Amino acid sequence: MNTETRELPMTLEPRANYLNDGHSIRSWLLTTDHKRIGLLYMVSITLFFFVGGAAAAMMRLELLRPQGGLVTSALYNKLFTMHGVIMVWFFLIPSIPTVLGNFLVPLMIGARDVAFPRLNLVSWYLFIAGGASALWAIIAGGVDTGWTFYTPYSSTYANGHVLAMAAGIFIAGFGSIATGLNFIVTIHKMRAPGLTWFRLPLFIWTIYTTSLILVLATPVLAITLTLMALERLFGVGIFNPAMGGDPLLFQHLFWFYSHPAVYIMILPSMGVVSELIPCFSRKSIFGYNFIAYATISIGVFGFLVWGHHMFVSSQSVYAGMIFSILSFLVSIPSAIKVFNWTATLYKGSITFQTPMLYAFGFIGLFTIGGLTGLFLAALAVDVHLHDTYFVIAHFHYIMVGGAVMGYLGGLHFWWPKITGRLYCEWLAKLAAVTIFAGFNLTFFPQFILGFMGMPRRYPVYAPEFQVLNVLSTAGASILAIGYLLPLAYLLWSLRYGKPAGANPWKATGLEWKTSSPPPRDNFANAPVVTEEPYNYDAQAAELSLEENSHA
Amino acid sequence: MNNPSSFPFPEQASNLAPGVDWIFYTLTALCGAMTLLVVALITLFCVRYRRGSRASRANANPRSLPWEVGWTLLPLPIFLAIFFWAAKTYFRMSRPPKGAMEINVVAKQWMWKIQHSDGRREINELHIPVGRAVKLVMISQDVIHDFYVPAFRTKQDVLPGRYTTEWFTPTKPGKYHLFCAQYCGLDHAIMGGWIYVMMPADYAQWLAQGQPPDSLAARGERVFYTLGCSGCHAANSKIRAPLLDGIYGKPAPLSDGTIVTVDDQYLRDSILLPNKQIAAGYEPVMPTFQNRISEEDLTAVIAYLKSLGSVERNDP
Amino acid sequence: MPDSTLAHAPQFDDASQQRESATFGMWIFLATEILFFGAMFLGYTAYRLAYPAAFAAASRHTLLAFGATNTAVLLISSATMAFAVRAAREKRRTALTVRLLLTAALGVLFLCIKGFEYAREISEHLLPGASFQFDQPYASHAEMFFYLYFLMTGVHALHVTIGVVLIAISGFRAWRTDAFMRNDTAVDLLGLYWHFVDIIWVFLFPLIYLVERHS
Chain A
0 MNTETRELPM TLEPRANYLN DGHSIRSWLL TTDHKRIGLL YMVSITLFFF
50 VGGAAAAMMR LELLRPQGGL VTSALYNKLF TMHGVIMVWF FLIPSIPTVL
100 GNFLVPLMIG ARDVAFPRLN LVSWYLFIAG GASALWAIIA GGVDTGWTFY
150 TPYSSTYANG HVLAMAAGIF IAGFGSIATG LNFIVTIHKM RAPGLTWFRL
200 PLFIWTIYTT SLILVLATPV LAITLTLMAL ERLFGVGIFN PAMGGDPLLF
250 QHLFWFYSHP AVYIMILPSM GVVSELIPCF SRKSIFGYNF IAYATISIGV
300 FGFLVWGHHM FVSSQSVYAG MIFSILSFLV SIPSAIKVFN WTATLYKGSI
350 TFQTPMLYAF GFIGLFTIGG LTGLFLAALA VDVHLHDTYF VIAHFHYIMV
400 GGAVMGYLGG LHFWWPKITG RLYCEWLAKL AAVTIFAGFN LTFFPQFILG
450 FMGMPRRYPV YAPEFQVLNV LSTAGASILA IGYLLPLAYL LWSLRYGKPA
500 GANPWKATGL EWKTSSPPPR DNFANAPVVT EEPYNYDAQA AELSLEENSH
550 A
Chain B
0 MNNPSSFPFP EQASNLAPGV DWIFYTLTAL CGAMTLLVVA LITLFCVRYR
50 RGSRASRANA NPRSLPWEVG WTLLPLPIFL AIFFWAAKTY FRMSRPPKGA
100 MEINVVAKQW MWKIQHSDGR REINELHIPV GRAVKLVMIS QDVIHDFYVP
150 AFRTKQDVLP GRYTTEWFTP TKPGKYHLFC AQYCGLDHAI MGGWIYVMMP
200 ADYAQWLAQG QPPDSLAARG ERVFYTLGCS GCHAANSKIR APLLDGIYGK
250 PAPLSDGTIV TVDDQYLRDS ILLPNKQIAA GYEPVMPTFQ NRISEEDLTA
300 VIAYLKSLGS VERNDP
Chain C
0 MPDSTLAHAP QFDDASQQRE SATFGMWIFL ATEILFFGAM FLGYTAYRLA
50 YPAAFAAASR HTLLAFGATN TAVLLISSAT MAFAVRAARE KRRTALTVRL
100 LLTAALGVLF LCIKGFEYAR EISEHLLPGA SFQFDQPYAS HAEMFFYLYF
150 LMTGVHALHV TIGVVLIAIS GFRAWRTDAF MRNDTAVDLL GLYWHFVDII
200 WVFLFPLIYL VERHS
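Taken in order, these protein sequences are the chains called A, B and C. According to numbering that gives the first Met the number 0, the first sequence is numbered sequentially starting from 0. According to numbering that gives the first Met the number 0, the second sequence is numbered sequentially starting from 0. According to numbering that gives the first Met the number 0, the third sequence is numbered sequentially starting from 0.
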C-alpha cells in the first residue's frame, strides 16, 4: 500500500502528518486531502459566521430603542437579509457536514479519502465562488428581500442586488450537492471490512441522511431561485400574477427545499451529540438502532411538512390540516433521540469535559426548540404566532441552540484529532457556559415578545416591547463574547497547546485509532472492524471493579 | 381607552382569542413539564452517576425495546389531541359567520386602505363596534402583506390578485395594534395602525360624524357606467353579454362544462382575466380591464354587482 | 503500488470499487437532476390543470414536425450511445470512436433542429416578453405555456450541449489515447447521462407538442 512507503520512520520529529505534508499555499489550495479540505471549509465558514454575526449585532443594537435610530429601515432590512442568507447558506448548512464531515467521514469508516477527492475540492471552490458572489451583492449595496426571497417582492419590487445574491446561493448549492453526493458514495462503497451499516457511528448515519437531503432538495432551490431571477430579469415568469401565475407557488417550492434544510442543519448536530454522550458517560449508546431509524425518518418526514410555513398564506384549510399533523409526527423521532441520549447517561460514569457541556447544552436547547415547534405546528396557535418573534426564537433555539452548540461540541471533541493539540480546558468550559447563558438571555425573551405579538423584521416597534428587547440585546452581547473566546483559545492552542496523543478522550471509533493529526492517508494499516460501535462498556466495567475494590 | 396590555399577556379582545390562548397555555404546561422532566433526569443522572460515585452500575444496559416503544407511542395521543383541538379552532377561524359586517381592505406599500360598505373610507385605522362579527375581504395592490391584530389572535396574508378573508368578533372596547406581518419592503415596520373597537353608542356617534359621500355600491355603479361595462352587460345591448343582475352567490355554468359559484374572486377574475373562465353560451369577447381599474374601484364594482337584486333574465 | 492490472485512484482499494463508486455517483447525480427538472414539471402541471384550454390552444402553435423529428434523432442517438458502451466493454477502439462521434453528431443535429424551431417561434412572436403576441382569448395563459416551453426545452438543450461536448471529447480521447481505452467506466457514465437526457425529452415531447392533438 501507498501508506507504508510514505510513512516516515517514527524517530523523526515531527512525525509526518497531513498538516506538514507540504507547506506551500499551493499545497493547500490544490489539495485533494479530505482533511485539508475540511480545514479550508473551517476557515471560510468561520469568516462567514463572524460576518453574519456582525449583522446580527447591528440589528440587536438597533432594537435597543423602540424608535431605533442607529440604522435606517433600508439598512436594517439589508442587515437581516444578509444575516439570514450568510448564516443559513454559508455557515449553518455547510458547518458540520463540510468541516467535521469532510474531516471525519473517511476516518470514521476507515477509508483513505472520500470517493471523489477532486470533486470535493471543486465543492469548496463552488462554495467560495458562491460566497464571493453573495458578499459582492452585500458590499455593492445589499439586498433587502429577506432570506426567503418571497415573490412578487423579490421578483418585481425589490431594489438591490437580488440576482447576485441568488446566483451566490445557486452556485454554493451545487457545491452542497457535490458534497452530498461524495458522502453518499463514500459511505456506501468505501467502508472498512467488518464495518456493517449497524456498526457505523451515528454521526455517519446523520451525515448520510443529511447528504440525501442535500442531493434531493437543493436542486429544487436552485431551479426556484432561477425562476425568480428570470422573472426579475425579463418580467415574465411562473410566479407572475399578470400571466396567471401564482406567487404562492414560489413559497411551496422554496419551503420544499428550506424545510428539509432545517434538518440539514440539525441532523449532523444530533450525530455529534450521539458521539459525545457515550464517550463522556463511558457507556454504549442506548437504543442505537432506534436513533439510526429516527435519523432516517426525520429525513423522510422532513420532505412532507413544508406547508406548515404557509398556514396563513391562504393555502386550503385541509392542506393546512395535513401539514399540521405531519409536523406533529416529525417531532416524534426527535423526541426519541432526546430520550435515548438521556437514557444513555443512566448508570454511566459521567465526566464533564468541554464537549460534554456542549452536548448537555444541545439537549436542553434543542428540547425547548423542538417543543416550541409544536406550538407552531398547532394550526390555530400558529395563526397568532406566525411571523412573530416566537418563530425567531423557535428556530434560533434549533439552529443556534441546536446546530451551533453541536458544531462547537464536535469542534472541541475532535480538535485534538484535527490539530494534535489540546486547548485550555478551563477557558473552554467558561466559553461553553457563557454561550449557554448568553444564548438563553438573548432568545428566551423573544418567545414572550412573539406571544405578545411583535412581528419579525421590524426596525422600529411599539414601546411595550422594549423591556424584552433590551434583555435580548444584553444577552446577545454576552453571546458575542462567548463566541469570541473559542476563536482566541483554539488559535492559541495551535502553537502552545499540549500535544494531544492519539486518543485523549479514550474514545472508541476508528478516527481515534490513528495518530493525531492523522497521516496523509489516514491509517498506517488498513483497519478492520470487529466490534460493535460505542463499546465503552468494557472500560466502564473495569472502572467500577476498581472502585468496588476500594470500598 | 388605550389600555396597555397586562404584560406579558396580550389583551384578549376577540371571540377567537380565548380559544387560541387556551391551546397556547396547555401547550406551555405540557412542554414545560416535558422540559423539566428531561432536565431533572439529566441532572439526577449527572449527580448520581458522575465518575467516581459509588452508585451501583449493575445491569447498566436494560433492554431498550420496551422503552423505545413506550416513548414513541406515549406522545402520539397527546399530539393527536392537540392537533384536533388546534385544527378545530383553525377551521372556525377560516369560516366567517353569515351576516358578518363586510369591510374591504386594500393593502399597498405601505398603507392599509379600508372601505366600509357605506362608502366611508379610512387609512391605517379601522373603527368597528364591539360584539359584531366583522369579515374583512382583503387584496393587495403590489406585494404580499399580512393583516395582523395580536389582540384578536388572528392574521392572514393579503395577496396580489386574489381575495383573502379574515374574520373576528371584537369583544372588548379599546384601541389595538394593527401590524403588517409579512415582510413587504422598506417601511414594512411602520405599515400598521390602530383598530378602534367602540361601544355601540360611540360607534353610532362616529358614524354620524360627516356624511359619507356615497355608498360603496353607488360608487361601483358609477364606475360600471364610466368604464362602459353597461354597454354590453345590459338587456338591450347589441353585443350579447351575460346580464349581471342577481348573479352573485348563484352557480354559473362555464363553457368547459364546469359550474362555479359566483363570488368575489370569480367576478374579479372575470373583469381582469375575462378568458380564464367563460360563461357557457357566450363568446369570449370581453376585453381585459387589467391596468385600467384600481383595486378600490374593483371592490366598488363588485359591491355594486352584489347589490343588484334578482331580476328575470331571458336565457340565451 | 497496486498490483491489479487496472489503474485506479489511490483512495480506492481496487478498480472494481472505483467503478462501482463512479457508477453509483452518477445515479445519485441523476437523482439530483430529476428533482431539478421535477420542479419545472410541477409548475407545468399546476398551470396546465389551471388553464387547460389555453394550454391546448398554445400547444397547437408548436411545431410538431420539428418536435417529432427531434424525438427520433434523440432516440437514435441513445441507440448509438448504447452501442458505444458495448464497444468500450469489448475494447474495440474504432467502433467506439465512430459510435461516440456519431452520437455527438446526432446531438448536434438535435440542437440545430431545436435552433431552427426556436427561430421560427421567435419570428412568430411566441417568445414571452414584450414582443409576445397571441390571439385572444388566451394570450396571458398562452404566454405562460410558452414561457414554460422555452424554459424546459432550454434547460434540456443545455444538458444536450454538455452531453455533446463530453461525448465528443471522449470520442477523440478514445481515438488518440491508450489510457482511455483501458477503462470503460467513463463511457458507461456518459451513457447513463445521455439516456437520462433522452428520457427527459421523451417526457417533454408529449407535454409540449401533444396537448389535445389526439382529438
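Here a beta-carbon is modelled for each residue, glycine too, at the ideal position from N, C-alpha and C. Note that this is a predicted model, so its numbers are computed, not measured.
Hey, is residue i's beta-carbon within less than 7 Å of any beta-carbon in chain C?
{"i": "isoleucine 108 of chain A", "result": "no"}
{"i": "proline 172 of chain B", "result": "no"}
{"i": "alanine 103 of chain B", "result": "Just to set this straight, residue 103 of chain B is asparagine in the shown sequence, not alanine. For asparagine 103 of chain B, the answer is no, since every Cβ of chain C falls outside 7 Å of its Cβ."}
{"i": "phenylalanine 233 of chain A", "result": "yes"}
{"i": "asparagine 274 of chain B", "result": "yes"}
{"i": "proline 95 of chain B", "result": "no"}
{"i": "arginine 5 of chain A", "result": "A caution first: arginine 5 of chain A carries a pLDDT of 44, below 50, which makes its placement in the model unreliable, though a value can still be read off. Not closer than 7 Å to any Cβ of chain C, the Cβ of arginine 5 of chain A fails to qualify, so no."}
{"i": "proline 74 of chain B", "result": "no"}
Using C-beta distances below 6 Å, list every residue in its chain close to residue i, excluding the 5 sequence neighbours before and after it, in chain order.
{"i": "tyrosine 406 of chain A", "result": "Ser94 and Ile95"}
{"i": "isoleucine 270 of chain B", "result": "Phe288"}
{"i": "glutamine 181 of chain B", "result": "Ile143, His144, Asp145 and Asp156"}
{"i": "tyrosine 256 of chain A", "result": "Ala216, Val219 and Leu220"}
{"i": "cysteine 278 of chain A", "result": "Trp504 and Ala506"}
{"i": "aspartate 32 of chain A", "result": "Tyr17"}
Nearest CA to the CA of residue i: which residue from the options?
{"i": "valine 527 of chain A", "options": "A:Tyr287, A:Ala191 and A:Trp146", "result": "A:Ala191"}
{"i": "threonine 366 of chain A", "options": "B:Val300, B:Leu29 and B:Ser13", "result": "B:Leu29"}
{"i": "tryptophan 193 of chain B", "options": "A:Gly298, A:Arg231, A:Thr223 and A:Ala461", "result": "A:Ala461"}
{"i": "tryptophan 146 of chain A", "options": "A:Val161, A:Leu229 and A:Leu99", "result": "A:Val161"}
{"i": "proline 101 of chain A", "options": "A:Pro267, A:Val390, A:Tyr345 and A:Pro458", "result": "The sequence given here has asparagine at residue 101 of chain A, not proline. Here the closest residue by C-alpha is A:Pro267."}
{"i": "leucine 120 of chain A", "options": "A:Thr178, A:Ala358, A:Arg198 and A:Val272", "result": "A:Thr178"}
{"i": "glutamate 19 of chain C", "options": "A:Val98, A:Ser132 and A:His187", "result": "A:His187"}
{"i": "phenylalanine 442 of chain A", "options": "A:Glu424, A:Ala499 and A:Asn468", "result": "A:Asn468"}
{"i": "isoleucine 176 of chain A", "options": "A:Tyr207, A:Leu199 and A:Tyr495", "result": "A:Tyr207"}
{"i": "tryptophan 70 of chain B", "options": "A:Ala334, A:Leu325, A:Met355 and A:Trp504", "result": "A:Ala334"}
{"i": "alanine 81 of chain C", "options": "C:Phe202, C:Leu188 and C:Ile199", "result": "C:Leu188"}
{"i": "valine 316 of chain A", "options": "B:Tyr89, B:Trp84 and B:Ile81", "result": "B:Tyr89"}
{"i": "isoleucine 44 of chain A", "options": "A:Gly437, A:Val403 and A:Gly141", "result": "A:Val403"}
If you drop the 5 nearest sequence neighbours on each side, which residues of the same chain put their C-beta closer than 8 Å to that of residue i?
{"i": "glycine 306 of chain A", "result": "His251, Trp254, Gln314, Ala318, Gly319, Ile321 and Phe322"}
{"i": "phenylalanine 247 of chain A", "result": "First, the residue type needs correcting, since residue 247 of chain A is leucine and not phenylalanine in the sequence shown. Counting only Cβ-Cβ distances below 8 Å, and skipping sequence neighbours, we find Met309, Ser312, Ser313 and Gln314."}
{"i": "alanine 54 of chain A", "result": "Leu78, Phe79, Met81, His82 and Ile85"}
{"i": "tryptophan 413 of chain A", "result": "Leu99, Phe102, Leu103 and Glu510"}
{"i": "tyrosine 162 of chain B", "result": "Val136, Met137, Ile138, Asp263, Gln264 and Arg267"}
Any C-beta of chain B sitting closer than 7 Å to the C-beta of residue i?
{"i": "proline 205 of chain C", "result": "no"}
{"i": "proline 136 of chain C", "result": "yes"}
{"i": "histidine 383 of chain A", "result": "yes"}
{"i": "arginine 456 of chain A", "result": "yes"}
Under 7 Å between C-beta atoms, does residue i make it to chain A?
{"i": "serine 15 of chain C", "result": "no"}
{"i": "alanine 38 of chain C", "result": "yes"}
{"i": "valine 310 of chain B", "result": "Residue confidence is low: valine 310 of chain B scores 45 on pLDDT, short of 50, so the model does not pin down where it sits. Its coordinate-derived value is still stated next. Answer no: the Cβ-Cβ gap between valine 310 of chain B and chain A never drops below 7 Å."}
{"i": "arginine 56 of chain B", "result": "yes"}
{"i": "glutamine 371 of chain B", "result": "Chain B is shown only over 0 to 315; residue 371 of chain B falls outside these bounds and no answer can be derived."}
{"i": "asparagine 2 of chain B", "result": "Here the model assigns asparagine 2 of chain B a pLDDT of 46, short of 50, so the residue's position is not dependable and the matter cannot be decided."}
Excluding sequence positions up to five away, which residues of its chain have a Cβ less than 7 Å from the Cβ of residue i?
{"i": "valine 46 of chain B", "result": "none"}
> Can you list the beta strand (DSSP E) stretches of 3 or more residues lying completely in the stretch 275-316 of chain A, in chain order?
Replying inline: none
> Taking one C-beta from the stretch 453-470 of chain A and one from the stretch 63-76 of chain A each time, how about it: are there three or more such pairs within less than 8 Å?
Replying inline: yes
> If we count Cβ pairs, one from each stretch, closer than 8 Å, do we get three or more for the stretch 9-20 of chain B versus the stretch 171-178 of chain B?
Replying inline: yes
>> For a minimum of 4 consecutive residues, which ranges assigned as the alpha helix (DSSP H) are wholly contained in the stretch 145-220 of chain B?
In response: 199-207
> Unbroken beta strand (DSSP E) runs of length 3 or more, entirely within the stretch 208-284 of chain B: which are they?
Replying inline: 250-252 and 258-260
> Could you give the uninterrupted runs of the alpha helix (DSSP H) lying entirely in the stretch 181-256 of chain A, keeping only those of 4 residues or more?
Replying inline: 201-233
>> Ignoring anything shorter than 4 residues, give me the alpha helix (DSSP H) runs that lie fully in the stretch 318-403 of chain A, in order along the chain.
In response: 353-376, 378-384 and 388-395
>> Any contact between the stretch 46-64 of chain C and the stretch 111-124 of chain C? By contact I mean 3 or more CB pairs, one from each, below 8 Å.
In response: yes
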